[in-house]
Structure formats: C-alpha cells, structure tokens
Amino acid sequence: MSIIVDNRHVENRIAFENHKKDLSTLGNKLKAGNLRTIMLFGEYHGCFYKIFGDVLIDAKSLRVIFLSGASYDVGDVLCNFSELVHLRYLRIEDSGMCGASLPNSITRFYHLLVLDLQEHYGELGFPRDMGNLLKLRHFLVHDDNIHSSIFEVEGIKEANDAKLAYLNHLDSLVLDWDNERCNRDPIREGNVLENLKPHDNIRELHIAGHGGVSCPNWLSGDLSIRNLESLLIKYVNWDTFPLPGKLYMTEGQERQGSVTSHDFHNLKRLELVNIQKLKRWHGDGTINLLPHLQSLTISDCPELTELPLSDSTSCQFQQSTICFPKLQEIKISECPKLLSFPPIPWTNSLLYVSIEGVDSGLEMLNYSKDESSLYITGKDAPDSMFWNVLDFNNLTELQLLGIQKCPPISLDHLKMLTCLKTLQITDSGSILLPVDCENEVKYNLLVENLEINSYGASGRELTQVLSHFPKLSNLLIRKCQNVARLGVAEQRTITTPESSLSPSANKAAKTLTTILQQQTGEAEEMETATADDGLLLLPPQIKVFEISECRELSLDSGGIQGLLSLQTLGIYDCPKLLCSSSSSYSPFPTSLQTLDLSKVEGMETLPSPLPNLTSLSITSCGNLRGGEVLWDLLAQGNLTSLYVHKTPNFFLGLEQSCSQVDKQEDVHRSWRLQELWTDDFARVLATPVCHLLSSSLTKLVLSCNDEVECFTKEQEKALHILTSIEDLEFYCCEKLQSLPAELSQIPTIKTLWISSCPAISSLGNLPNSLQRLGISYCPAISSLGNLPNSLQQLVIYDCPSISSLDGTTIGSLPKDRLPTSLREINVRSCGNEELKRQCRKLQGTIPIVQA
Numbered sequence: 001m002s003i004i005v006d007n008r009h010v011e012n013r014i015a016f017e018n019h020k021k022d023l024s025t026l027g028n029k030l031k032a033g034n035l036r037t038i039m040l041f042g043e044y045h046g047c048f049y050k051i052f053g054d055v056l057i058d059a060k061s062l063r064v065i066f067l068s069g070a071s072y073d074v075g076d077v078l079c080n081f082s083e084l085v086h087l088r089y090l091r092i093e094d095s096g097m098c099g100a101s102l103p104n105s106i107t108r109f110y111h112l113l114v115l116d117l118q119e120h121y122g123e124l125g126f127p128r129d130m131g132n133l134l135k136l137r138h139f140l141v142h143d144d145n146i147h148s149s150i151f152e153v154e155g156i157k158e159a160n161d162a163k164l165a166y167l168n169h170l171d172s173l174v175l176d177w178d179n180e181r182c183n184r185d186p187i188r189e190g191n192v193l194e195n196l197k198p199h200d201n202i203r204e205l206h207i208a209g210h211g212g213v214s215c216p217n218w219l220s221g222d223l224s225i226r227n228l229e230s231l232l233i234k235y236v237n238w239d240t241f242p243l244p245g246k247l248y249m250t251e252g253q254e255r256q257g258s259v260t261s262h263d264f265h266n267l268k269r270l271e272l273v274n275i276q277k278l279k280r281w282h283g284d285g286t287i288n289l290l291p292h293l294q295s296l297t298i299s300d301c302p303e304l305t306e307l308p309l310s311d312s313t314s315c316q317f318q319q320s321t322i323c324f325p326k327l328q329e330i331k332i333s334e335c336p337k338l339l340s341f342p343p344i345p346w347t348n349s350l351l352y353v354s355i356e357g358v359d360s361g362l363e364m365l366n367y368s369k370d371e372s373s374l375y376i377t378g379k380d381a382p383d384s385m386f387w388n389v390l391d392f393n394n395l396t397e398l399q400l401l402g403i404q405k406c407p408p409i410s411l412d413h414l415k416m417l418t419c420l421k422t423l424q425i426t427d428s429g430s431i432l433l434p435v436d437c438e439n440e441v442k443y444n445l446l447v448e449n450l451e452i453n454s455y456g457a458s459g460r461e462l463t464q465v466l467s468h469f470p471k472l473s474n475l476l477i478r479k480c481q482n483v484a485r486l487g488v489a490e491q492r493t494i495t496t497p498e499s500s501l502s503p504s505a506n507k508a509a510k511t512l513t514t515i516l517q518q519q520t521g522e523a524e525e526m527e528t529a530t531a532d533d534g535l536l537l538l539p540p541q542i543k544v545f546e547i548s549e550c551r552e553l554s555l556d557s558g559g560i561q562g563l564l565s566l567q568t569l570g571i572y573d574c575p576k577l578l579c580s581s582s583s584s585y586s587p588f589p590t591s592l593q594t595l596d597l598s599k600v601e602g603m604e605t606l607p608s609p610l611p612n613l614t615s616l617s618i619t620s621c622g623n624l625r626g627g628e629v630l631w632d633l634l635a636q637g638n639l640t641s642l643y644v645h646k647t648p649n650f651f652l653g654l655e656q657s658c659s660q661v662d663k664q665e666d667v668h669r670s671w672r673l674q675e676l677w678t679d680d681f682a683r684v685l686a687t688p689v690c691h692l693l694s695s696s697l698t699k700l701v702l703s704c705n706d707e708v709e710c711f712t713k714e715q716e717k718a719l720h721i722l723t724s725i726e727d728l729e730f731y732c733c734e735k736l737q738s739l740p741a742e743l744s745q746i747p748t749i750k751t752l753w754i755s756s757c758p759a760i761s762s763l764g765n766l767p768n769s770l771q772r773l774g775i776s777y778c779p780a781i782s783s784l785g786n787l788p789n790s791l792q793q794l795v796i797y798d799c800p801s802i803s804s805l806d807g808t809t810i811g812s813l814p815k816d817r818l819p820t821s822l823r824e825i826n827v828r829s830c831g832n833e834e835l836k837r838q839c840r841k842l843q844g845t846i847p848i849v850q851a
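Written out as structure tokens, the structure is:
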C-alpha cells in the first residue's frame, strides 16, 4: 500500500481534518494484518503520524517499509515495529523539517536484506548488535564512519570469530584502527588483519590505521579478492602495497607491486591516504596498469614525487592514457613533493579533476566537465610555462574559467575556448599575454560575463582586454587600484530606441548623443596623450556593471552615459567616483533600471534623469539627498523598490514636497512604490508621505535604527494611512521598546516579522488580518498575547522567554482557543524546551508542528 500526502492536505485546518477522516475511513476498511508493503510519501505525511498509527496497528506481516519524509518516532506510526520479524526491506528518508527517530529493535530483523538509511541523519544507536542481521546484503548510510563501529576486534580470537570469509553476501568491508591509539603491536595487528580475510567476491575494502608492517597475504602475494571494485588504504606504514607497477619507498628500495593489473581487472576506485613511506609509483611502460579504474584519490602523502600520471620515462599524455584508460575522476591533495602532471584534461573522458597542495606551480585546480567549469590558482611566482598544465584542445566545451594568482594567459589560448561564457580573474598583475603585441588584432571572444578582482595592471591595459569581448554583457570590477578614471569606449553608431523611452528620456538621449559626438575627438586625443594615466574605457554594450573598492577612482568628463544598454549599476566603496562628474548632465545613462550606491560620496542630490529606474538602493552615502530627483522618480510611477540606510539626509524635504501636492489626485495615483526599506523612521512615517504611498506600498521594513525607543503619535497615525500595506517588518532596532500602537486597526497586514529587537517585551494587539507572524532574537518577549483568528503560520527563533502561546500553558489551552486557521507552528529553534514540549501536544490538531 502506498499513501501520498501532498501540500494541499495541510494547506489549512479544514483540508487537514478532511484528510484525517479519509485516512480513518481507509483504516476501517483495510485489513492491515494482510499488508506486506507500506510506503508513505510526502514531506508532511508525518503530520498524520497518529492516524497512521491507528490505521497500521495490526500490520504485523510487513516485508517492505519505505518512509519518505519521516519526522517522527517510527514506533509511533508502526506500533508493532519490534515484531516485524519478516521484514526484508527498510528505507527511511528524513523530512526537511526534522529527522526520524529509530528504535533499537532494528537489530532483531533477522531476515532483513536491505537497510537504507542514506537520507537519515539522526543518531544510530545500534551498531554493536548489527551482527544479528546475518542475511543483510545492503546497509546504506550517509556517513561511512558508522560502518566502522559495527564490530570491534581486540585480538586474533575475535578476528577468527568474525568469520568474514563466510559472509558471502557482504559487499563492503571497513577495517578501521584508531589512529590515536597508544598500544600498537605491529606483529599482533598483522596477524589480526590476516585473520580478517573476507570472502573472495567482496566489492569494497577499506583499511585504515593498521599498525602492521605489510599488507595481508590475501591482498598481495596470495591475492584472493580479484573482483574488488573499490580499495581505500589509509594511515598505514606498509613495506608492500597492493598496487601494480613499480614502487619506490622512502628507504630507497625499489619494489615490484604485490599485484598485477590482471589481479585488479575490476578495480574502479582507488584511494591512498596518508601513506608516509610511498615515494614513487610508476607503470614502467605497463599497458593498462589499472584498465577499469574510474576514480583515483591520492591525499597526504608527504614524500610522493611521482605517479603513473607523471612518469618521466615516457610521454606524459601517452603514459597516463595507457595506465588508466577509463579514468574519469582524479583527486590529489597535500602531496607537497609531487611535481608534474599531464595537461588537464588529457582525455575527453576525464570528468573531474581536483589538485591542491602540490609542488608544480599550482596552489589549486578544480575541473568539472559536468559543470563546464575550471578554477585554477597559481602560487606567488609561477613561471612562463605555467599554462602548459592545461590542454586547451580538450577544453572547448568549458563555459566558466576562474583564474587566481596566475601569470597572463594568452589570447590564443582563450580563443580555443569556443564555449567560454564566464571569465573570473583574481589577484593578477596583468591578464592577457602579450597585450601590446596583439593590440592591432581583435579576437572577438564570446565571453559574456567578466569578473576582475584585485587587478594590478593599468586602465589602458584593461581597456585593451575589454576590446576583445564584443559580446560582453556583465562586468564586475573590484579592487583595481591602478585604474584611476572611468569612461566609455568610442561607439561608432549611437542609437536610442525612442519607442522604449518617455519624452523626457528621449530628450535626454538626444542631448547625450550630441555630447558624445562632441567628446569623441576629445577622448581620442586624451587617450593618445595620456595612454598610461589609468583611464579605463568601458565597452558600450554592457548591460550589468558593478564596481567596488576602487577608492581613488573618478569619472571621466563624459561619465558613463555612453553605456546605452546599461540596465543594472552597482557602485560600492568608491567614494570619489562621482565627485568629479559634471552638474550639467547626469553621469548615468537613461536606460538604467536598477541603481545600487554604497559608500559613494560627493553628490548632493541624485543625478537625473533616470526615467526607467525601477529599483534604487542607497547605503552610507554621506549627505546625499533624494531631492527633486527622488520626487520625480516617485511621480513618474516606475520606481517600485527603494532601500535607504545610513544616509540621513536622503528624505530631507520629501515631507514638504508631498504636502504641496497632497490633494492632487493624479500625483496620488501615479506613485507605484511597492517596497520600502529604511532606517529613517521619522521622515518616512510622515502623514503627507504616507498619504501618497497609501495606495501602492505593500511592504515596509523599518530596520537598523539604534536611536528610536518608541513611535510618536503622529508616526503611528501616519502608519495607519498605509491602506495597502501587507508586509510589515522590524529588524535590528536596539532601543525600540514597543511596536506602533493599534496595529490591530490596520486591516491589510498579513505578515509581521520582528527580529533582533532586544528591548521589545510584548506585541500588543495584533491585526485581525494577520496570517504570518515571525519573531526571532527577541529575548525580552515572554508572551504573544492574543493570537488573531486569521493566523496561519507562527515562527519563533531564539526567544527563550516565550514558554507558551497564550501566557499560560499549551495543556490548559482549549482547542477552540487556537486560531482556527492556524496551519503551521515552528518552534524548533525557539530556545525554550518547555514551549517545544507543549507544542508537540498540538500534533494532530495543527497540520504542521515543528518542535
């Protein structure tokens, strides 16, 4: 039997009760004693665990159980869980809300074949008795360390008693010694490992921390497990290793590997971790060293200098292909003496490469064919042969390339990356090699997104770099201290789609065209005369431009008006960028839709015109005032989102402007601002301002004000004017002692969230329209008061003083006192165990209870 619980069954109390009735009806008709299979699906099926417990009370003959989205004690759903002695298959996947709890009786299921707990993240309190599950073939968990505690071996007798050779259904074996133990006895541990021989068809073998001096005979000279598919060897000091080819140890002796490629003809995964003695491993020309190997991991081998991938006796590319012809994944880390590798990826079949902590000029390399990405970090002074580490011929499908602390990359190399869309460059003195020699050739690279971070070259060089990216759409520049001025590269033909602009914007665009045409000759002369003055000319086609932490950067005389396609502009911590802009015209293009300014100084008012602006964010911009430009933006009706913080004069004069046109019906209707975030409570909560915002504003966030202790009567009255407000939020108000009075009189509020307001001690009367209430990091709040009957969702985080929902106890709260619409309570992280305990009593009454 399969039952699916989806979101519609818990969307409200009526649907919840109806589904409970449906399940009860099913239980009355069902002969649970005859059930062989039960599968419960859906993230919220645990909300019905009590009714499931009643329905399945007689289900004692189950063979298959699959619980998907479990969030309860399994015994609460299956009351007779410990009696399911015929169970063959058990799979439990935890819910996103919280995990299931498993009873210890699982170890009594002697006929269990499959135990799948890969998606269960709770504690497993039964490893010592796992030996009872003699027929178990598959034990799947998310953490392999759990396996290592299943059986503890003290000596040879316990090893013999384990009788691993007789467990013919065992697929995976983990033999893990505590690497921190003091009582090491190499001879005894060697004998113990010899007696832990598994059956011949074992598929996975992990050996870690063994204190013997050599690998066991059953894994070397007298190899019996020839069908091995996965082998991990970790923290051992063996003199011999189960590896094919030639081995050189730190003592200087050369040894032939204790196995041949034929012995491990099925091996697909090999991991060598913390092997102190291993110095060199090469194939010595052996064909198909490990013919089916797909994954190779080498980690923490401090003396290792050579792998079959970098055999100095033969061509690297040829050798790596011969030794591991089917290799798909290779991970190498913390092998500081390992010098070289074949160019990556040396074959199209290679899907993933991760290299770090080696001595090859690389700090880190991460390549993923599935994600079409490659990130590479060089060391402080990589040499001119650095880029030989990559085989660009096999990177034609690469879409993202991230470069950090690397020497300049040749344009010819980049041209080979025909699918490259995103290029990220960090901590580089220069970018392309050589820029001057290739200045006359335009490569027309197809990169659309370029990120440049901590770039040390001049603005002139960066201008030349950008000229090779005619498709560039998104440009991000950060910490480029040698770029002194910012302008726009010459555009051969300047066109503006007049149909998409307002009349004022069309006029501005025509003025802009004239200005740019006049400046073309001037810009050419200036670029020639001052080629090294740090002037960066941006490509005119970019749509998104962000620049940050260029503290000495200023604008060229023409500003960036020439970016006629620019839609999003972000300027962060560039205090001088707008200081030198002319007051006769705006430095910004009229096409701009989103503007984000942070730590930008020097402007008295916002530049204009910005006829297409829909989103404006202002943070820490000194004495900047919105002025008439802000008024125009609001009156034009395009601006829908406004964020203003730490700019105390921004709203200066807005109340007066609003007062003068308060009675103009057309202006009132034109304002379309929907979302407003601000720390300036006084100027926003003014009656004239709120009157003009009343019909459009749906979300108001009052935050980050450490001075306001309470709202004035005038401010509370103004707040009531906002008749369209649906979402009201208060964040990070250190001294605020109470919410605005009479919130219950605002009939449109649906969401109220209070966070990090430590001085607020009560909520007062809540709006009767409230559907979602969230409270977090408010230690002084001890009571919620009367919850409105409209409430659907209640969330409480880190409010340890709240111990009940009504100021008394949940147990004394009659069901009819709860809001009839309440759908969800989340107090899982409330910080009060008593509240969580009491809320658990509401499970089965409220659809979703996370406690």
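Numbers 1 to 851, taken from the working numbering, label the letters of the sequence shown in order.
A virtual CB, placed ideally from N, CA and C, is assigned to each residue, including glycine.
Item: Spatial neighbours of Glu-707 within its chain, please: CB distance less than 7 angstroms, with the 5 preceding and 5 following residues excluded, ordered by chain position.; Value: Lys-735
Item: Look at the alpha carbon of His-142 and the alpha carbon of Leu-676, and state the distance between them as a whole number of angstroms.; Value: 44 angstroms
Item: For Leu-835, name the three-state secondary structure that DSSP assigns.; Value: helix
Item: Distance check for Ala-32 and Ser-24, CA to CA, integer angstroms please.; Value: 13 angstroms
Item: Please list, in chain order, all residues of the same chain as Asp-171 whose beta carbon is under 6 angstroms from its beta carbon, the five residues on each side excluded.; Value: Arg-203
Item: If we ignore side chains and look at the alpha-carbon of each, how far apart do His-265 and Arg-181 end up?; Value: 36 angstroms
Item: Just confirm the distance between the C-beta atoms of Glu-363 and Arg-478, as a whole number of angstroms; I'd bet it's less than 8 angstroms.; Value: Wrong, their Cβ atoms sit about 20 angstroms apart, outside the cutoff.
Item: Run through DSSP, which three-state label would Pro-648 get?; Value: coil
Item: Rounded to the nearest angstrom, what separates Tyr-797 and Ser-756 at their Cα positions?; Value: 10 angstroms
Item: So, helix, strand or coil for Gln-843, using DSSP?; Value: strand
Item: Which residues does DSSP pair with Asp-596 in a beta bridge?; Value: Gly-570, Ser-617
Item: Helix or strand or just coil, what does DSSP make of Asp-200?; Value: coil
Item: Go ahead and pull the three-state DSSP assignment for Thr-377.; Value: strand
Item: Expressed to the nearest angstrom, what Euclidean distance is found between the alpha-carbon atoms of Asp-116 and Gly-69?; Value: 14 angstroms
Item: In angstroms with no decimal places, state the Cα-to-Cα distance between Ser-695 and Val-827.; Value: 35 angstroms
Item: Among the residues of its own chain, which have a CB less than 7 angstroms from the CB of Glu-546, if the five just before and after it don't count?; Value: Leu-476, Gly-570
Item: Starting from Ala-70, trace the beta strand (DSSP E) in both directions and tell me its first and last residue.; Value: 64 to 70
Item: Measuring straight from C-alpha to C-alpha, what distance separates His-19 and Leu-219?; Value: 58 angstroms
Item: Looking at the structure shown, is Ser-105 part of a helix, part of a strand, or coil, going by DSSP?; Value: helix
Item: By a C-beta neighbour count over all protein chains shown, 10 Å radius and 16 as the cutoff for buried, is Val-849 buried or exposed?; Value: buried
Item: Assuming contact is defined by CB atoms lying nearer than 9 angstroms, are Arg-36 and Leu-56 in contact in what I supplied?; Value: no
Item: Which residue marks the beginning of the alpha helix (DSSP H) containing Met-249, and which one marks its end?; Value: Taken as a continuous stretch (DSSP letters only), Met-249 belongs to no alpha helix (DSSP H), being part of the beta strand (DSSP E) at 246 to 249.
Item: Taking just the CA atoms, how far does Asp-427 sit from Leu-639?; Value: 38 angstroms
Item: When you compare the CB positions of Phe-651 and Thr-687, do they come within less than 9 angstroms of one another, or not?; Value: no
Item: Using DSSP with H/G/I as helix, E/B as strand and the rest coil, what is Met-1?; Value: coil
Item: From the DSSP output, in three-state form, read off Gln-424 for me.; Value: strand
Item: Once you ignore the five residues that flank Tyr-49 on each side, which residues in its own chain have a CB closer than 7 angstroms to its CB?; Value: Tyr-72, Asp-76, Val-77
Item: What are the start and end residues of the alpha helix (DSSP H) that includes Gly-27?; Value: 13 to 29
Item: Tell me, to the nearest whole angstrom, how far the beta carbon of Leu-852 is from that of Val-465; I am working on the premise that it is less than 8 angstroms.; Value: Within the shown structure, residues of the chain are numbered from 1 to 851, placing residue 852 beyond reach of any answer.
Item: Does DSSP put Thr-751 in a helix, a strand or coil?; Value: strand
Item: To the nearest angstrom, how far is it from the Cα of Arg-8 to the Cα of Pro-216?; Value: 59 angstroms
Item: May I ask you to report which of helix, strand or coil DSSP gives Ser-670?; Value: helix
Item: Look up Met-364 in the DSSP assignment and give the residues it is bridged to.; Value: Glu-356, Thr-377
Item: State yes or no: is the C-beta of Leu-164 within less than 9 angstroms of the C-beta of Leu-196?; Value: yes
Item: Quick test of the definition: if touching needs 3 or more C-beta pairs under 8 angstroms, does the stretch 285 to 303 touch the stretch 324 to 334?; Value: yes
Item: For His-210, does the count of other Cβ atoms within 10 angstroms reach 16, so buried, or fall short, so exposed?; Value: buried
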